[in-house]
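Residue numbers (the working numbering): 516 to 878.
All residues carry an ideal CB built from backbone N, CA and C; glycine is no exception.
Remember, predicted model here, so these are calculated numbers, not experimental data.
Beneath this line is the structure, given in structure tokens, with notes to follow.
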């Protein structure tokens with residue numbers, strides 16, 4: 516693809532000079548479905564269909580790393596997401612399109628959050644992803660995306676830590692016991708088996724129990740220490756994973772972090788000083804950080820610039836850590852290509868087991 520067309524795909528503005536893409540889009544609108552298309556069913560995989568599909572944290576980490584490497588090599592496309600929001604903040608919706616050039620899969624992910632009262636009683640959240648085989652042109656599946664996100668994000672954190680942790684790092688502090696907190700440690704250890712001292716801070720008993728249960732499933736002999744003071748624990752941690760929800764009272768400052776540590780922001784739990792005072796800043800996407808990380812701006816209202824992005828680090832075009840003494844801030848935001856990789860891996864396994872239902876959507 517030449518640069519003009521690549522710019523079109525990424526920005527969504529204008530058309531290629533030769534008008535080829537415009538003509539193709541017009542044909543897509545005007546051409547009726549042929550007999551083959553009408554007889555092609557769509558496999559629908561529900562949340563319950565996917566809940567027990569077997570996949571290991573190591574498999575998820577491998578799939579996610581492959582997606583980043585393909586993007587860094589220019590084999591895949593990950594355009595900017597689109598969003599619409601209610602003017603009074605009642606709801607927000609996102610649409611994300613991506614093409615995995617190595618898996619030969621095109622996908623569209625959508626998410627919708629309805630939260631007028633900003634409480635759990637009225638909050639609604641739905642997310643789906645639809646996969647297409649870009650080799651045959653056939654639809655692969657439409658699926659609930661909740662488990663995809665629950666697995667993808669901790670796998671990304673695991674890779675970020677692998678590339679930024681100092682030599683000899685062995686301790687980690689996990690803050691938060693929600694969905695991301697519960698999945699964090701198994702994926703972290705899949706990519707960082709040297710981490711032996713595991714600490715956790717949380718305030719919900721059921722969440723604490725769930726973190727233990729998830730860890731024991733993959734690492735039955737691992738020891739997990741519950742800490743009552745996250746600030747004191749942070750001073751001894753080589754790695755801090757902040758996965759708490761917006762209601763957390765924890766906000767670690769830069770002064771609470773140990774020299775040479777890496778602090779990964781997934782949800783909440785870190786104060787802006789951990790970014791503004793960092794010796795080095797790493798992100799999955801610098802562009803996304805400028806859009807979704809504005810709450811981490813410094814006293815001057817400006818957001819600290821990113822020094823390197825994960826795809827470039829994984830492809831060895833950039834480095835994660837320059838010295839063992841550096842305090843590193845890491846911002847984990849999702850790219851749809853990682854959703855595609857995990858969704859495709861889950862879909863393949865689910866379909867092989869005969870899960871889901873086939874819907875004659877185009878009949």
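No Cβ-Cβ contact shorter than 8 angstroms links residue 588 with residue 800.
DSSP, reduced to helix, strand and coil, places residue 843 within a strand of the structure shown. CA-CA distance, residue 828 to residue 576, rounds to 15 angstroms. In the structure shown, residue 870 falls within a coil segment according to DSSP collapsed to helix, strand and coil.
If you draw a straight line from the Cα of residue 791 to the Cα of residue 680, it comes to about 19 angstroms. By a beta-carbon distance limit of 8 angstroms, residue 644 contacts residue 622. Their separation comes to about 6 angstroms. Rounded to the nearest angstrom, the gap between the Cα atoms of residue 872 and residue 563 is 12 angstroms. A direct Cα-Cα distance of roughly 16 angstroms separates residue 836 from residue 755.
Nearest to residue 658 by C-alpha distance, out of 878, 877, 857, is 857. The Cβ atoms of residue 793 and residue 767 do not sit closer than 8 angstroms to each other. For the pair residue 604 and residue 839, the Cα-to-Cα distance works out to about 43 angstroms. Within the same chain, Cβ atoms closer than 8 angstroms to the Cβ of residue 671 are found at 579, 799, 825, 847, 849, 853, the five residues on either side in sequence being excluded.
Less than 8 angstroms divides the Cβ of residue 700 from the Cβ of residue 726.
In the DSSP secondary-structure assignment, residue 824 is bridged to 798. Listed in chain order, the beta strand (DSSP E) elements of length 3 or more contained wholly in the segment 739–813 are 739–741, 754–757, 777–780, 795–798.
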